[in-house]
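A.B. asks:
Numbering (this note's numbering), first residue to last: 5 to 172.
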């Protein structure tokens, strides 16, 4: 298992985000985790050139609702990429499996059916400590990593309007 921060990125290898509009849909469940992921994503967008005005964030009750929130955001906002942020921690029932499978398939469906990349930033951990470690703890912040992915996917989406290479 990795024990180092995996959220380092080199801005010289990432397209400038100044012309892109980003959406973030955040689960309200486990807010101490999801808000840290959101913070990491927003800070990364800003660090890579995006303006605050070009970052839209909506909250939804839980991770299962992320798919509908992303769908409505795609349909009502002109965006270049969306990050779906959630956290599901293993419990004593199969609920964990159903939520994780449903959200995963839902985000796959959005990526196939719409022309806006939706980035999966749903931590599916066995323990709360694992989620803490991946949302700004000793293993970094997956929100940062997903923001980098969103920027790269926005560049691919907009190949015809950007002059930058996507060779990353």
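Glycine included, C-beta positions come from ideal geometry on N, C-alpha and C.
On the DSSP letters alone, give me the boundaries of the beta strand (DSSP E) that residue 129 sits inside.
C.D. replies: Walking along the chain shown from the start, residue 129 turns up at place 125. Per DSSP, the continuous beta strand (DSSP E) segment holding residue 129 begins and ends at 122 to 129.
A.B. asks: To the nearest angstrom, how far is the alpha carbon of residue 46 from that of residue 149?
C.D. replies: By 1-based counting over the chain shown, the position of residue 46 is 42. By 1-based counting over the chain shown, the position of residue 149 is 145. Roughly 11 Å between the two C-alpha positions.
A.B. asks: What does DSSP give as the partner residues of residue 141 in its beta bridges?
C.D. replies: In the chain shown, residue 141 corresponds to position 137, counting from 1. According to DSSP, which records beta bridges pairwise, residue 141 is partnered with 144.
A.B. asks: Based on the DSSP output, what are the partners of residue 88 in its beta bridges?
C.D. replies: Residue numbering aside, residue 88 sits at position 84 when the chain shown is read from its first letter. Per DSSP, 29, 124.
A.B. asks: Mapping the DSSP letters down to three states, classify residue 113 as helix, strand or coil.
C.D. replies: Translated into positions along the chain shown, residue 113 becomes position 109. DSSP places residue 113 in helix when its eight states are reduced to three.
A.B. asks: By Cβ distance below 6 Å, which residues in the same chain neighbour residue 1 in space, the five residues on each side in sequence not counted?
C.D. replies: In the structure as shown, the chain begins at 5 and stops at 172. Residue 1 is therefore absent and cannot be evaluated.
A.B. asks: Between the beta-carbon of residue 37 and the beta-carbon of residue 117, is there less than 8 Å?
C.D. replies: Position 33 of the chain shown, counted from the start, is the residue given in the question as residue 37. Position 113 of the chain shown, counted from the start, is the residue given in the question as residue 117. Not in contact: residue 37 and residue 117 (Cβ atoms no closer than 8 Å).
A.B. asks: Using a Cβ-Cβ cutoff of less than 8 Å, which residues in the same chain neighbour residue 69 once the five nearest sequence positions on both sides are dropped?
C.D. replies: Translated into the one-based positions of the chain shown, residue 69 becomes position 65. Counting only Cβ-Cβ distances below 8 Å, and skipping sequence neighbours, we find 31.
A.B. asks: Since residue 103 and residue 67 should fall inside the 8 Å C-beta cutoff, what is the C-beta to C-beta distance between them, to a whole number of angstroms?
C.D. replies: As a working note, residue 103 is residue 99 in the chain shown. As a working note, residue 67 is residue 63 in the chain shown. Their Cβ separation, rounded to whole angstroms, is 6 Å, which keeps residue 103 and residue 67 in contact under 8 Å.
A.B. asks: In angstroms with no decimal places, state the Cα-to-Cα distance between residue 43 and residue 71.
C.D. replies: Translated into the one-based positions of the chain shown, residue 43 becomes position 39. Translated into the one-based positions of the chain shown, residue 71 becomes position 67. Answer to the nearest angstrom: the Cα atoms are 20 Å apart.
A.B. asks: Got a sec, what are the start and stop residues for the beta strand (DSSP E) residue 11 sits in?
C.D. replies: Translated into the one-based positions of the chain shown, residue 11 becomes position 7. Counting along the chain, residue 11 falls outside any beta strand (DSSP E), and DSSP gives it neither H nor E.
A.B. asks: Exposed or buried, residue 159, counting other C-beta atoms within 10 Å across all chains shown (16 or more means buried)?
C.D. replies: Walking along the chain shown from the start, residue 159 turns up at place 155. Residue 159 is buried by the Cβ-count criterion.
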